[in-house]
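Visitor:
Chains as they are written, first to last, in the working numbering: chain A, 24 to 342; chain B, 24 to 342.
In structure tokens, the structure reads:
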């Protein structure tokens, strides 16, 4: 391992950019959060972030003691070091974030997308410790994924591998933000679960506490809360979501025959109300050679620090 | 590269076992074909094969001049070195073929399934030369695949990765040999194309030369021949097949973002009558980030020697 004591992890989200200075035992020893939006240009954003980081860096012994910085960001491309056309960020086109932070901080910087960072964090600190073949599925506003084969993240020839949220699971299904129809994320993201709730409220005549929430305000979290208190409609929505996820994973298994699928993100807080249906549908649909083999697990990363730790793990990986 | 001059490739098929002694320039300098079935036990099969091989080995300078033997076989497992429950072979259970040939010949032996061997052969000698990320799709009695990521074949945690023929593409679709319904291979294998022909003959009232062939005798080759002579029904069957394949590959792209999909096997002899529809459906269905990137190519492996060369390439890969 490196003689330098720390790496910096950056979880660059649509709302906030959370920086952590992380030691070799995965402790976040220093942390700062900066709004991602509102700086106008990416140059100004990098300047504001660097200015905020520098005093923290001094407190841990200066930049000589920092090995690298790892960034997890939506549409972050590992090969190009750019954020490429991220729909939820205010910067348009390709933003060479790696180059910009390298010049500003004077340390090596590495970038990947947020789901890949979660997979790397899971392998370093979470439920995938010791695993060499697994698939991380992140459920949030969208559905992301990080595919690990032989202990390495799969980036593909252009850095865009691992977009399993955009596998089409329903021909001519729901409209997706990508311009097509029926992608997994239309059903199993947080947003997708809310859409399922609205659909179910229309189809069914049964009472449900979800009927008292405006459609425009209804969130996956409301479904989980209602389900936990026994609301039958909400339980059915989670069952449908779990079935979709399990069927999809059964169709992913033939690709890389993973040891585990690991689920991360807000909607997984429903726990067994969701996961029992994922496992059932997986077992019922998977090819016989894979049956009973892959574990379907919840992430062991702490939600608040997971993305920062995942990004920081990328920093330790650098040569 | 090894100081030894040759490797042995074995293409172990349901009918014949073809052995080739292959030099470093991919020339098959000696070859022998032995019926796979009819020996009763696997032990006797290995004995007959070894006896047939030994004089050929002497002709190229003896066993000291042979680096290794690579075997491509249905249900061949890279990790265990066993053929595991192959439905088209007469041996039941797990056959430790690697161990048996190692003891009989006294050289290192390595085994994988036939589609993986084709992918390795494609990388060494065919359309995938110089590629590090591609997917080989083999169309035969079934549909097989070999997935290559970062220049390495993906075996998964148990050796069973790359069974893309058993991705379900049609819920509650055609019955598959695997016991489920709607697998890609029910539509796009040679057998699947014949099933499509029978279905089309029932649905349509249009004339077709395919109506003069017994259903039990109808093969994918008949469809290709009829299509090449302008038979409209046959052309439609190939168009449907190509569309299915293209849609399926569009759903495989998000996994590993490959540089190319390479199609191998009998049904690909229909050429552009099939491939034009594969490309069209791929372009129409793939996520925007992948559009216009992956090449959809025909294999450049010579059908007769491809499997032997693929298996032999596995031998060169050994440490």
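We put the CB at the ideal spot given by N, CA and C, even for glycine.
Hey, does residue 160(A) have any beta-carbon neighbour from chain B nearer than 8 Å?
Guide: Residue mapping note: residue 160(A) aligns to position 137 of the first chain, counting from 1. Not an interface residue.
Visitor: Does residue 240(B) pass the burial test, meaning 16 or more other C-beta atoms within 10 Å, or should it be called exposed?
Guide: For the purposes of this step, residue 240(B) is taken as the residue at position 217 of the second chain. It counts as exposed.
Visitor: Please list the partners that residue 316(B) has in chain A, where partner means a Cβ-to-Cβ separation under 7 Å.
Guide: Here residue 316(B) corresponds to residue number 293 of the second chain, with the count starting at 1. 181, listed in chain order.
Visitor: In chain order, which alpha helix (DSSP H) runs of at least 4 residues are fully inside the stretch 250-315 of chain A?
Guide: For the stretch 250-315 of chain A, whole alpha helix (DSSP H) runs of length 4 or above, ordered along the chain, are 255-279 and 295-308.
Visitor: Report yes or no: is there a C-beta of chain B within less than 8 Å of the C-beta of residue 189(A)?
Guide: Counting from 1 along the first chain, the entry for residue 189(A) is found at position 166. Yes - at least one Cβ of chain B is within 8 Å of the one on residue 189(A).
Visitor: Considering residue 138(B), what are the terminal residues of the alpha helix (DSSP H) in which it resides?
Guide: In the second chain, residue 138(B) corresponds to position 115, counting from 1. From DSSP, the alpha helix (DSSP H) with residue 138(B) extends over 137-148.
Visitor: Which residues, in order along the stretch 259-275 of chain A, keep a beta-carbon less than 9 Å from a beta-carbon of chain B?
Guide: Going along the stretch 259-275 of chain A in chain order, one finds 270, 273, 274 and 275 with a Cβ nearer than 9 Å to chain B.
Visitor: Have a look at 35(B), 76(B), 83(B) and 66(B) and flag the residue whose alpha-carbon is nearest the alpha-carbon of residue 28(B).
Guide: The sequence position of residue 28(B) within the second chain is 5, counting from 1. Closest option to residue 28(B), Cα to Cα, is 83(B).
Visitor: Residue 301(B) CB to nearest chain A CB: under 8 Å?
Guide: Locating residue 301(B) in the second chain gives position 278, where the first residue counts as 1. Not closer than 8 Å to any Cβ of chain A, the Cβ of residue 301(B) fails to qualify, so no.
Visitor: Whole-angstrom Cβ separation of residue 172(B) and residue 188(B), contact assumed at under 8 Å?
Guide: Within the second chain, the letter at position 149 stands for residue 172(B). Within the second chain, the letter at position 165 stands for residue 188(B). That pair is no contact at about 19 Å.
Visitor: Please state whether DSSP places residue 234(B) in a helix, a strand or coil.
Guide: As a first step, residue 234(B) is located in the second chain; it is residue number 211 there, counting from the start. DSSP places residue 234(B) in helix when its eight states are reduced to three.
Visitor: Do residue 326(A) and residue 297(A) come within 8 Å of each other at the CB atom, strictly closer than that value?
Guide: In the first chain, residue 297(A) corresponds to position 274, counting from 1. In the first chain, residue 326(A) corresponds to position 303, counting from 1. Going by C-beta atoms, residue 297(A) is not nearer than 8 Å to residue 326(A).
Visitor: By the 9 Å beta-carbon criterion, what residues does the stretch 200-215 of chain B contribute toward chain A?
Guide: Listed in sequence order: 201, 202, 203 and 206.
Visitor: Could you run through the stretch 278-295 of chain A and flag, in chain order, every residue whose CB is less than 7 Å away from some CB of chain B?
Guide: Of all residues in the stretch 278-295 of chain A, 278, 279, 280, 281 and 282 have a Cβ within less than 7 Å of some Cβ in chain B.
Visitor: Classify residue 216(B) as buried or exposed, calling it buried when 16 or more other Cβ atoms lie within 10 Å of its own Cβ.
Guide: The residue you call residue 216(B) lines up with position 193 of the second chain. Residue 216(B) is buried by the Cβ-count criterion.
Visitor: Excluding the 5 residues flanking residue 131(B) on each side, which residues of the same chain have their C-beta closer than 6 Å to its C-beta?
Guide: The residue labelled residue 131(B) in the question sits at position 108 within the second chain. Excluding sequence neighbours, residue 131(B) sits near 91 and 341.
Visitor: What span of residues does the alpha helix (DSSP H) with residue 327(A) cover, start to end?
Guide: Here residue 327(A) refers to the residue found at position 304 of the first chain. 326-340 is the extent of the alpha helix (DSSP H) around residue 327(A).
Visitor: Quick check on residue 223(A): does DSSP put it in helix, strand or coil?
Guide: Counting from one through the first chain, the residue named residue 223(A) turns up at place 200. Residue state, collapsed to three classes: helix.
Visitor: Considering Cα atoms alone, identify which of 255(B), 170(B) and 304(B) is closest to residue 229(B).
Guide: Along the second chain, one-based indexing puts residue 229(B) at 206. Among 255(B), 170(B) and 304(B), the Cα nearest to that of residue 229(B) is on 255(B).
Visitor: Which runs of the beta strand (DSSP E) spanning at least 3 residues fall entirely within the stretch 51-128 of chain B, listed in chain order?
Guide: Runs of the beta strand (DSSP E) inside the stretch 51-128 of chain B: 51-58 and 89-95.
Visitor: Considering only C-alpha positions, which residue in the set 280(A), 170(A) and 143(A) is nearest to residue 49(A)?
Guide: Along the first chain, read from residue 1 onward, the residue named residue 49(A) stands at position 26. The residue with the shortest Cα to Cα distance from residue 49(A) is 143(A).
Visitor: Are residue 205(A) and residue 195(A) closer than 8 Å when you measure CB to CB?
Guide: One-based indexing of the first chain puts residue 205(A) at position 182. One-based indexing of the first chain puts residue 195(A) at position 172. It is a contact, given that the beta carbons lie within the stated cut-off.
Visitor: List the endpoints of the continuous alpha helix (DSSP H) containing residue 208(B).
Guide: Here the question's residue 208(B) lines up with position 185 in the second chain. Here the alpha helix (DSSP H) through residue 208(B) covers 208-211.
Visitor: Please classify residue 136(B) as buried or exposed, where buried requires at least 16 neighbouring CB atoms within 10 angstroms.
Guide: By one-based count along the second chain, residue 136(B) stands at place 113. Under this definition residue 136(B) is a buried residue.
Visitor: Starting from the C-beta of residue 246(A), find all residues in its chain whose C-beta is less than 6 Å away, skip the five residues before and the five after it, and write them out in chain order.
Guide: Along the first chain, read from residue 1 onward, the residue named residue 246(A) stands at position 223. 216, 220, 257 and 260, listed in sequence order.
Visitor: I'd like the span of the beta strand (DSSP E) that includes residue 31(B), first residue to last.
Guide: Along the second chain, one-based indexing puts residue 31(B) at 8. Note, residue 31(B): beta strand (DSSP E), 29-35.
Visitor: Counting only beta-carbon separations shorter than 8 Å, does residue 313(B) have a partner in chain A?
Guide: As a working mapping, residue 313(B) is identified with position 290 in the second chain. True, the Cβ-Cβ gap to chain A drops below 8 Å.
Visitor: Could you give the distance in angstroms between the alpha-carbon of residue 318(B) and the alpha-carbon of residue 33(B)?
Guide: The residue you call residue 318(B) lines up with position 295 of the second chain. The residue you call residue 33(B) lines up with position 10 of the second chain. The alpha-carbon atoms of residue 318(B) and residue 33(B) are separated by roughly 30 Å.
Visitor: For residue 184(A), return the contacting residues in chain B, with the cut-off set at a CB-CB distance below 9 Å.
Guide: Here residue 184(A) refers to the residue found at position 161 when the first chain is read from its first residue. 156, 172, 276, 277, 278, 279, 280 and 281, listed in chain order.
Visitor: Compile a chain-ordered list of the residues in the stretch 122-149 of chain A whose CB is closer than 7 Å to at least one CB of chain B.
Guide: The residues in question: there are none.
Visitor: Let me see if you follow: with CB-CB separation under 8 Å, is residue 320(B) close to chain A or not?
Guide: Within the second chain, residue 320(B) is the residue found at index 297, counting from 1. Cβ-Cβ to chain A under 8 Å: no for residue 320(B).
Visitor: Touching or not, the stretch 109-116 of chain A and the stretch 146-155 of chain A, by the rule of three or more beta carbon pairs under 8 Å?
Guide: The stretch 109-116 of chain A is not in contact with the stretch 146-155 of chain A.
Visitor: Within 8 Å (strictly less), CB to CB, does residue 177(A) reach chain B?
Guide: For the purposes of this step, residue 177(A) is identified with residue 154 of the first chain, where counting begins at 1. It does; some Cβ of chain B falls within 8 Å.
Visitor: Near residue 182(A), what residues of its chain come up, given a Cβ to Cβ distance below 7 Å and the 5 sequence neighbours on each side ignored?
Guide: In the first chain, counting from the first residue as 1, residue 182(A) sits at position 159. Closer than 7 Å at the Cβ level, and outside the excluded window around residue 182(A), lie 100, 101, 102 and 103.
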